[in-house]
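Residue numbers (full-length UniProt numbering): 1 to 359.
See structure below.
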């Protein structure tokens with residue numbers, strides 16, 4: 001099919017016949033096993049002979065590859081993929097096989113057969129390490145995972161293995177133990193901070209505006225900006241109507257006002273951009289306001305006008321929303337720490353601190 005196994009032929013066939021012409025990354029448990037066996041056996045820049053999977057006929061070319069992240073980073077994704085793989089064949093996924101061997105997985109096949117045959121059993125189905133998993137455990141699992149029985153049991157085994165591994169990660173990997181401690185502490189600090197410090201403060205427009213007014217001298221731009229509206233129209237009349245609509249109105253009301261003034265048909269023949277513009281952000285603002293452009297192409301909207309004002313620095317907190325919110329958050333945290341320090345004495349155990357620094 002592919003003459004001389006050439007890259008040119010491969011690209012030609014992709015363009016001509018493929019239902020999916022996009023490049024994408026593939027990892028274990030993402031595609032059918034038939035696809036995995038072929039794809040992961042190829043080297044970079046190699047492509048396969050045609051082969052079948054439940055999804056259809058494939059010809060695969062490997063463009064690049066990268067190493068798999070550590071188990072603890074992939075655990076959540078592995079659970080999702082493993083428990084969503086539709087197959088009734090014996091479990092052969094590499095991760096599952098590895099965990100079965102590591103934790104001395106023992107399956108009681110007669111009891112499993114009874115479960116599959118009768119739909120229920122009270123007997124022990126399998127053991128992982130010293131922990132037994134019974135038909136009652138499976139029953140609890142199956143209530144929240146409705147599927148065909150064989151697939152339910154497969155999912156139950158997979159999840160049990162991954163949960164068992166998860167419970168022992170901190171024992172197996174000392175560094176992970178410290179990481180998890182930091183993670184839990186971080187969540188606790190974040191929750192307390194959200195409750196005691198941030199809360200609704202960062203959503204309170206009045207508080208943010210007041211903070212901005214108090215610290216206005218700290219916020220500035222290196223060059224002036226333009227606050228206004230750029231209107232492009234196919235006809236002259238809408239420009240006159242818009243100018244009249246926004247006259248003597250606050251800037252925040254301009255868009256509502258022009259929509260009220262123009263008919264739906266007129267709005268279809270108009271394009272507009274409303275906001276705060278720095279030099280270089282809009283060609284029409286550069287031409288009319290900053291006098292940077294010598295000429296601008298008009299295109300299908302030949303009538304253009306700009307209304308607004310050039311301002312030297314931010315006038316309200318929305319003009320620098322990101323920096324203001326960041327600074328206000330720091331301010332709230334500092335005030336909270338002052339409050340905590342006023343209520344009690346802070347002592348640092350230097351010996352314990354040394355052990356923490358070592359990790």
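Quick reminder that beta carbons are idealized off the backbone N, C-alpha and C, glycines included.
Only a predicted model underlies this, so the values are computations on that prediction, with no experimental measurement involved.
Counting along the chain, residue 232 sits inside the beta strand (DSSP E) bounded by residues 225-233.
Our two residues, residue 194 and residue 45, have alpha carbons roughly 50 Å apart in a direct line. When the alpha-carbon of residue 129 is set against those of 152, 99, 141 and 318, the nearest one is in 99.
Judged by pairs of C-beta atoms under 8 Å, the segment 225-236 touches the segment 286-302, as three or more such pairs exist. For residue 243, no pairing in a beta bridge is given by DSSP. For residue 125, the enclosing beta strand (DSSP E) covers residues 124-128. A direct Cα-to-Cα measurement between residue 280 and residue 286 gives close to 6 Å. The Cβ atoms of residue 113 and residue 125 do not sit closer than 8 Å to each other. As computed with DSSP, residue 272 is found in a beta bridge with 231. Here the alpha carbons of residue 155 and residue 210 stand approximately 55 Å from one another. Under the 10 Å beta carbon count, residue 317 is surrounded by 16 or more other beta carbons and is classified as buried. Between residue 63 and residue 37, the CB-CB gap reaches or exceeds 8 Å. Inter-residue distance for residue 34 and residue 167 is about 32 Å (C-alpha atoms, whole angstroms). Within the same chain, and ignoring the five residues on either side of residue 255 in sequence, the residues whose Cβ sits closer than 7 Å to its Cβ are 274.
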